[in-house]
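**Q** Residue numbers (this note's numbering), protein chains in the order written: chain A, 1 to 413; chain B, 414 to 591.
No residue lacks a Cβ here, since even glycine has one placed at the ideal position from N, Cα and C.
1) Residues of the region 230-260 of chain A in Cβ contact with chain B at a cutoff of 7 Å, in chain order, please.
2) Looking only at C-alpha atoms, which of B:531, B:549, B:499, B:525 sits nearest to residue 511 (chain B)?
3) Spatial neighbours of residue 124 (chain A) within its chain, please: CB distance less than 6 Å, with the 5 preceding and 5 following residues excluded, ordered by chain position.
4) For the region 90-109 of chain A, which residues have a beta carbon sitting closer than 9 Å to at least one beta carbon of chain B?
5) Just to confirm before moving on: does the CB-CB distance between residue 517 (chain B) and residue 509 (chain B) stay below 9 Å?
6) Over the uninterrupted beta strand (DSSP E) stretch that includes residue 487 (chain B), give me the two end residues.
7) Using a beta-carbon distance below 9 Å, is residue 449 (chain B) in contact with chain A?
8) Thinking C-beta only, is residue 269 (chain A) closer than 9 Å to residue 242 (chain A)?
9) Given a cut-off of 9 Å on the beta-carbon distance, is the pair residue 389 (chain A) and residue 142 (chain A) in contact?
10) Measure the Cβ-Cβ separation of residue 120 (chain A) and residue 298 (chain A) and say whether it is below 9 Å.
11) Alpha carbon to alpha carbon, what distance is there between residue 550 (chain B) and residue 571 (chain B)?
12) Whose Cβ in chain B lies nearer than 9 Å to the Cβ of residue 62 (chain A)?
13) Tell me, please, which residues DSSP counts as bridged to residue 46 (chain A).
14) Which chain B residues sit within Cβ distance under 7 Å of residue 371 (chain A)?
15) Looking at C-alpha atoms only, which residue of B:474, B:433, B:439 is the closest neighbour of residue 359 (chain A)?
16) Mind checking whether residue 178 (chain A) and residue 308 (chain A) have CB atoms under 9 Å apart?
17) For a test of the three-state rule: what should DSSP assign to residue 77 (chain A), helix, strand or coil?
18) Please confirm if residue 415 (chain A) has its CB atom under 9 Å from at least one CB of chain B.
19) What in chain A is Cβ-close to residue 527 (chain B), meaning under 8 Å?
20) Could you tell me which residues DSSP puts in a beta bridge with residue 475 (chain B)?
21) For residue 305 (chain A) and residue 322 (chain A), what's the separation of their Cα atoms in angstroms?
22) Against chain B, with Cβ distances strictly below 9 Å, would residue 79 (chain A) count as a contact?
23) Report the residue from B:445, B:533, B:583, B:567 whose alpha carbon sits nearest the alpha carbon of residue 500 (chain B).
24) In whole angstroms, give me the CA-to-CA distance for residue 162 (chain A) and residue 381 (chain A).
25) Shortest alpha-carbon distance to residue 640 (chain B) belongs to which of B:503, B:515, B:462?
26) Helix, strand or coil, according to DSSP, for residue 64 (chain A) in the structure here?
27) Just verifying my parser: in three-state terms, what is the DSSP assignment at residue 234 (chain A)?
28) Give the secondary structure of residue 117 (chain A) by DSSP, where H, G and I count as helix, E and B as strand, and everything else as coil.
29) With H, G and I counted as helix, E and B as strand and the rest as coil, what does DSSP make of residue 84 (chain A)?
30) Closer than 9 Å by beta-carbon distance: list the chain B residues that pair up with residue 339 (chain A), in chain order.
31) Under 9 Å, Cβ to Cβ, is there at least one residue of chain B near residue 116 (chain A)?
32) Any beta-carbon of chain A closer than 9 Å to the one on residue 417 (chain B)?
33) Just to check my reading of the structure: residue 56 (chain A) and residue 68 (chain A) have Cβ atoms closer than 8 Å, yes? What is that Cβ distance to the nearest angstrom?
34) Taking 9 Å as the threshold (beta carbon to beta carbon), is residue 70 (chain A) in contact with chain B?
35) Under a three-way DSSP split, which group does residue 105 (chain A) fall into?
36) What is the C-beta distance between residue 431 (chain A) and residue 369 (chain A), in whole angstroms, given that I count them as a contact (C-beta under 8 Å)?
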């Protein structure tokens, strides 16, 4: 799906105008972060400036490193779920699903249909919430303060839905190996439907504010251009890949959770600049609304079905039965403390809002995980900052960091 | 892709590209095409996979520490091809202190992956200019994802105490160091 584009007449002067200017030539080192509002977390960027031109850039990561992969090895498979919430903390349920899918692939477990539909619904709501964060924070960094309040208002509505379903606004941990923790009831479906019906009009309103806004256009168009070859070689995925015109989406290429049954388009950009990545993310929100509507339809047709697999080697028993049955209590205890997955390794990747979020899990058959590697798309996005920003003006840095879209909890793990 | 994966665990294109280089097809539980190679031919395999088999992107580089086993490390590279729509995973066993070939010149995106692997496991990558720690502080001195590194950490506040001592010495010279 190609996006509708248009062109303003450009009136900006070419960047390089050094000549005999005495202000050029002397390099100054500028430190941005780790506590800077435009770095979206605790990212530190060392910038060597020549006047206002960035000559050399070095991102420094690790300020939020909590040793998640090591924690998985000490906690065990089942108890690591709450930690995945804290990776990309604007989309906790998406991380839960990615981790659960990797474990299910290792165990050879099949999730019941209703469980898959609930997961798809949660993932698309998470994707909208994450893109709203991108849109609000990038816009406020570039001076559009009201966008921040508009998007955060809608994001709050998503959290109200998740609160009604899971009992938490953030860090929900509602996905389990083999399905989800609880069924979605009709009251929650009503909240989702109401939200989905209102959101497209809101997106149209934001596009009226931004898409043809002269300042937004000039700050984003032709800034941070990525070619198709660069995107692939630098391991960028997700909206950053699609912004450069590559029509690739893991939901289409390697479907999981039954995504092959949903109808949606994959938006792609033409130039590969910050503006294209903005257009792609806005269109992805509309497509997520489409998918979520279809998921609601599937929920209605699978009402009353199982949402958690019945395999007591790996899957926790439902909580109400744990409280009434001795056997289920024992299974609960065994799975939480001593979950053993078959020896071997498995990789599963999902299309998260930032790109390809993959878990590589290796087990030796004991209850202690051998390895859990998190393939974080955000780390690759941070790595590409120098590629995009070197040679450009300092003020473009904010647009580039915003458009690459990363969350430091996932970058540093 | 699912269909191709179920039909057989091998990819003929990869076999053709790696003609003459010894490689063994594995059957991992996820069904992804995976091959085991010797670390000595890692560089040649990666070059051929890029130039002849068309793997445009490196997905991740990581390692598994199988400590009692010898050699202890299992280095894992996973590649992805957009044009062919498939992935391949490489497994190479490395002894402690043995270095692996860097592939930053083939895939610039591998730079952070190799730095993280070096940081967490202490596996050096030969040919990587600027190979330094990624997530841990430069003067940390340990490799946390090794199996012989304790889960509680080693001297968790050593770096903080050193920094605090330097700070106090600089700002309050008369105050005795703690």
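**A** So, from the listed chains and residues:
1) Near chain B, meaning a CB-to-CB distance below 7 Å, the residues of the region 230-260 of chain A are 232, 233, 234, 235, 246, 248, 253, 254.
2) Minimum Cα distance to residue 511 (chain B) is reached at B:531.
3) In chain order, 288, 291, 292 place their CB closer than 6 Å to the CB of residue 124 (chain A), counting only its own chain and leaving out the 5 sequence neighbours on each side.
4) Taking 9 Å as the upper bound on Cβ-Cβ separation, chain B lies near residues 102, 105, 106, 107, 108 of the region 90-109 of chain A.
5) Contact flag unset, no.
6) Residues 486-494.
7) Output row for residue 449 (chain B): interface = no.
8) Result yes, Cβ atoms of residue 242 (chain A) and residue 269 (chain A) sit closer than 9 Å.
9) No; because the gap between Cβ atoms is not below 9 Å, this pair is not in contact.
10) The beta carbons of residue 120 (chain A) and residue 298 (chain A) sit closer together than 9 Å.
11) For the pair residue 571 (chain B) and residue 550 (chain B), the Cα-to-Cα distance works out to about 12 Å.
12) For residue 62 (chain A), the neighbours in chain B by C-beta distance under 9 Å run, in chain order, 532, 546, 547, 548, 549, 550.
13) DSSP, once it has assigned bridges, lists A:31, A:58 as partnering residue 46 (chain A).
14) Scanning chain B for C-beta atoms nearer than 7 Å to the C-beta of residue 371 (chain A) yields 477, reported in chain order.
15) Comparing Cα-Cα distances from residue 359 (chain A) to each of B:474, B:433, B:439, the minimum goes to B:474.
16) Contact: yes.
17) Three-state DSSP puts residue 77 (chain A) in coil, outside helix and strand.
18) With chain A covering only 1 through 413, there is no way to say anything about residue 415 (chain A).
19) Close partners of residue 527 (chain B) in chain A (Cβ separation under 8 Å) are lacking, with about 11 Å as the shortest Cβ gap.
20) Beta-bridge pairing links residue 475 (chain B) to B:489.
21) A direct Cα-Cα distance of roughly 20 Å separates residue 305 (chain A) from residue 322 (chain A).
22) Judged by the 9 Å Cβ criterion, residue 79 (chain A) is not in contact with chain B.
23) If we check each option's Cα against that of residue 500 (chain B), B:445 comes out closest.
24) The straight-line gap from Cα to Cα measures roughly 28 Å.
25) In the structure displayed, chain B extends from 414 to 591; residue 640 (chain B) sits before or after that span and is not available.
26) DSSP, reduced to helix, strand and coil, places residue 64 (chain A) outside both helices and strands of the structure shown, so it counts as coil.
27) In the three-state reduction of the DSSP assignment, residue 234 (chain A) falls in the coil class, being assigned neither a helical nor a strand state.
28) Of the three classes helix, strand and coil, the one that applies to residue 117 (chain A) here is helix, per DSSP.
29) Helix.
30) Ordered by position in chain B, no residue passes the 9 Å Cβ test against residue 339 (chain A), which lies about 16 Å from the chain.
31) By this cut-off, residue 116 (chain A) is not an interface position.
32) Caution is warranted here: a pLDDT of 40 is assigned to residue 417 (chain B), below 50, making its placement in the model unreliable, and the coordinate value is therefore given only provisionally. With 9 Å as the cut-off, residue 417 (chain B) does not count as an interface residue toward chain A.
33) A Cβ-Cβ distance of about 31 Å is found for the pair residue 56 (chain A) and residue 68 (chain A), leaving them out of contact under the 8 Å criterion.
34) Closer than 9 Å: yes.
35) Helix.
36) Nothing can be reported for residue 431 (chain A): it is not among the residues displayed for chain A, which extend from 1 to 413.
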